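FYI, in my numbering the residues of the sequence shown are 1 to 819. Beta carbons are placed, not taken as given, at the ideal position from N, Cα and C, and that holds for glycine. If you're wondering where the values come from, they're calculated on a predicted model, not measured in any experiment. To keep things clear, I will list the structure first and then write my remarks on it.
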Amino acid sequence: MQGPENVCPLPEAKAPEQCVHCGLPLPDKPIFGKKPEEQFCCRGCSLAYSILQDTGLGRGYYALRERLGESGQRVDEVGDLGGYAFFSDPSFEERYTEPGEDGLRHVDFYLEGIHCAACVWVVERLALQIQGIRGAQLNLSENRLGITYDPKSRPLETLGRRLASVGYAPHPARGAQEEEIARKERHRLLIRIGVAAACGGNIMLFSSALYAGEYQGIESGFANLFTWGSLALSIPVVFYSAMPFFRSAIGGLRVGSLHMDVPIALGIVVAFLSSCWHVFTGTGHVWFDTLSMLVFLLLIGRLLLETGKRRAALAARSLFALVPRTAFMLPEIGGQPRRVSIESVAEGDLLFVPPGDCIPVDGVVEDGRSHVDESLLTGESVPATRGVGQEVWAGTSVVDGALSIRARATGDETRLARLSRLVEDAARRRAPIVATADRIAAWFVAVVVLASCATFAWWWSAGFDVALSNAIALLVVSCPCALGLATPFALSVAMGRGARSGILIKGGEAVERLARVRRLFLDKTGTLTEGHPQVIETTLFDENAELHLPLISAAEQRSSHPVARAIAAHVPPAAAKVEDFHQQPGRGIRARVGAHEILAGNAAWLAEHALATTDAQHAALAVRETECAAASILLAVDGKLIGAFLIADGIRSDARETTAAMRARGLELELLSGDAEAPVRAVAAELGIARWHASASPEQKRELVADASGDALIGMVGDGLNDTAALAAAGVGIAVHGGSEAAFEAADVATARAGLAPVLEAITLARKAMGRVRLNLGFSLFYNVITGTLAATGHITPLWAAVLMPISSLTVIGLSFKR
């Protein structure tokens, strides 16, 4: 194997950010040209560029376009430059949307201005009011809006305009570009804070002079100057710095919702208008100093909340890293590896990965041996040893030795990409408890507004200024932002922590259900046992049977089941053609190998084909099964029973400790397996599991799980194709590492680490998360009731209300991150 020592290193150059041809932003995986700086957003641009260069028209075309000012419009600036017409362009659909079911398409947007659960409600309702939009789900922690729409209606331009009009400017969600938009949004927020601080500081100086003048006297000319100066300086605070609060409030009212910013916006407007009235009439107290500092402190609180949200989003994404955009491709016969775009790598290509590099594809090692850091996928901190014939995954890193890898899956087909899609889908699913909290928060806003009006009326006898001060304080301090953040933040943090440990929980609803599981069905193979069964004994019923074993091995090679792999490894397969292969999950296989009909499986499978052991054969096999805690795989060739393989699988080293810990935490365990009675009974006895079911078909597994679901929320742990129906029927399906893709897709929770320990870890994580949710909700309600009461009784000024209001939200975020 040759390394890349003689490969000329690529020059260190700044990667372009825009397509060389059209000027649009590059996607996460651009199309590479002949030179490093030639990168394109799609194959169409790459082809157009090549034609222009090959015909000698390139220089003139691009020079003319630049003179005419027709360079491509950046998608992240489209809202500022020309509206959202580009969202209806066919090229937008090609680059940023994905096909869905029934002719629909799906697109993700990153939204500006999202900060609380009420924003989620408003955005989703605004989107669903537009004709052609069939689904809208907003992920609060990542500001990511998923839209399912009918492309015939072309609703995206209308969606963009409508969201931008209420302060939620949408941008196509694309990796680094999304981070850049978030950075710009944060920068704008800092400018608003700076304006509020600068104006507020000067207003405070004017106010200090006015307050001193009330006791020591002040000339009317100076008093008017300071008062009108305060009014002038408060205008940018109200109409610029406070604008996000007004936009959110107006957006909620447009869809018939009392947004959480309604009390804040109402308090700011009332304070500003009443102060202006007092300036114009020359009577009463002005609130410009309090108003400006109120906005400043509220924006500081929002900045801290956004920081917490970004932290939660990063935690949720921590399972994934950037797969390299280039790879070293090896020629099939000799030669040096050459660097190519990952887009040009196809299944079957041979790649070279030097020490320290990230593996760009899923594949099988063909040459070399190395430790591979798989913590991204498994959560295991100790690198695994990988050599010839072993699988490796995109996103994992080669630690010491170099590897030659035969690509099996690239791009969106890799395991990492599938995990990424599942996490994105999961993040959009809203747990029932989140919806409940949102409804409580919406009612709470209405109660706060009514209570503020009642407070103003109650304090009217003490004077207008006192009544207004107490009413504004109540409006500000009782904002239910913490109530809206309490649930989604705790669930988001839990899913992020699980991802870092190799546990994928598919959405907040799965967290909520997993926490309520009290009864757990466990598959045996791969969950409680090592999942590496071996043939420990061969019994032959015919003197010529040994000649047919290679034919059976050849048929078993077509199956991915662990037992089939064990048989294929035990007997060298015949070099015969395998045709009409059929696999019945939980039963066995049937195939034509050369001129022979092959059957292999359990007794029920052979009985379906009118084959059975004699009483003597059955008794002999039963004795050996009991003695060895093994199962028999019966073998038949051309309609004749010829023998059996005795298959055994050792119990995992951590299974005893983990099952004991599960029982200690109140979980009722039940063993459910398709294996024969003898090994199932032996494993159950060894692990102290009282109830067990053997020889269960996939249909029987599903029925057992479905029937048990009436008693309590049932969990099912499995890894094989034969567990898929049971996983789907359970209240919570848990697929363990190494299982089939079908099981992984059907499950609500998937573990990237082997064994039962990650399952217990997932349940513990979910229970802690729901405990944190209850704590957050209780604290939010208690805090708002106490501070609201203090404000209504005149013990909190509007300025102190602005200080206290974000404390509850920040406390909720802090509690969510607490371990």
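Close beta carbons around residue i, own chain, < 6 Å, minus the five adjacent residues each side
i, result
"SER697", "GLY586"
"VAL563", "PRO533 and ILE647"
"GLY200", "SER292, MET293 and PHE296"
"PHE581", "ARG558 and ALA591"
"GLY601", "ARG587 and GLY588"
Backbone secondary structure at residue i - three-state DSSP
i, result
"VAL399", "coil"
"THR527", "coil"
"PRO679", "helix"
"ASN202", "helix"
"ASP412", "helix"
"ASP542", "coil"
"ALA169", "coil"
"LEU190", "helix"
"SER275", "helix"
"SER559", "coil"
"ALA242", "coil"
"LEU504", "strand"
"ASP580", "strand"
"ASP373", "strand"
"THR283", "coil"
"SER461", "helix"
"LEU330", "coil"
"GLU38", "coil"
"GLN700", "helix"
"SER870", "Because the chain here runs from 1 to 819, residue 870 falls outside it and cannot be looked at."
"TRP692", "strand"
"GLY588", "strand"
Residue i burial status per 10 Å Cβ neighbour count (16 or more: buried)
i, result
"ARG772", "buried"
"HIS618", "exposed"
"PHE280", "exposed"
"TRP277", "exposed"
"HIS795", "exposed"
"ASP719", "buried"
"VAL195", "buried"
"GLN390", "exposed"
"HIS737", "buried"
"VAL785", "exposed"
"GLU66", "Interpretation of GLU66 is limited by its pLDDT of 49, a score under 50 that renders its predicted location unreliable; no figure is taken from the coordinates."
"GLU12", "Unreliable positioning characterises GLU12 in this predicted model, as indicated by a pLDDT of 39, which lies under 50. The coordinate reading is nonetheless provided below. So GLU12 ends up on the exposed side."
"ASP723", "buried"
"ALA612", "exposed"
"ARG702", "buried"
"ASP289", "buried"
"GLU543", "exposed"
"CYS19", "buried"
Cβ-based neighbour list, residue i, same chain, cut-off 8 Å, excluding 5 preceding and 5 following
i, result
"VAL166", "VAL122, LEU126, ARG247, SER248, ILE250, GLY251 and ARG254"
"GLU537", "ARG624, CYS628, ALA630, PHE645 and LEU646"
"PRO90", "none"
"GLU870", "No information on residue 870 is available, as it lies outside the stretch 1 to 819 that the chain covers here."
"ASP80", "At ASP80, the pLDDT of 41 sits below 50, so the modelled position is not reliable and the matter cannot be decided from this model."
Nonlocal neighbours in the same chain, by C-beta distance under 7 Å from residue i, ignoring five residues either side
i, result
"ASN470", "THR455, TRP459, ALA791, ALA792 and GLY794"
"ALA490", "ALA769, ARG772, VAL773, ASN776 and SER816"
"GLU332", "LEU350"
"GLU185", "GLU112"
If you pair each beta-carbon of the region 493–505 with each one of the region 604–619, do three or more pairs fall below 8 Å? no
Contained beta strand (DSSP E) runs [length at least 3] in the region 733–789, N- to C-terminal order: 749–751
So does the region 539–550 actually touch the region 512–528, counting three or more Cβ pairs closer than 8 Å? no
Could you tell me which uninterrupted beta strand (DSSP E) segments, each at least 3 residues in length, are contained entirely in the region 99–150, listed from first to last along the chain? 105–111, 133–139 and 144–149
If you pair each beta-carbon of the region 783–796 with each one of the region 464–474, do three or more pairs fall below 8 Å? yes
Pairs of beta-carbons, one from the region 654–671 and one from the region 557–572, closer than 8 Å: are there three or more? no
Touch check for the region 98–110 and the region 234–241: three-plus C-beta pairs under 8 Å? no
How do the region 357–365 and the region 407–415 stand: do at least 3 beta-carbon pairs fall below 8 Å, yes or no? yes
Any contact of the region 686–705 with the region 662–678, i.e. 3+ C-beta pairs under 8 Å? yes
Please give me, in chain order, every unbroken run of the beta strand (DSSP E) with length at least 3 that falls completely inside the region 640–678. 640–648 and 668–672
Check whether the region 566–584 touches the region 593–606, counting contact only when three or more Cβ pairs, one atom from each stretch, lie closer than 8 Å. yes
Those runs of the alpha helix (DSSP H) which lie wholly inside the region 590–625 and span at least 4 residues: 603–608
Determine contact between the region 514–524 and the region 726–734, defined as no fewer than three beta-carbon pairs at a distance below 8 Å. yes
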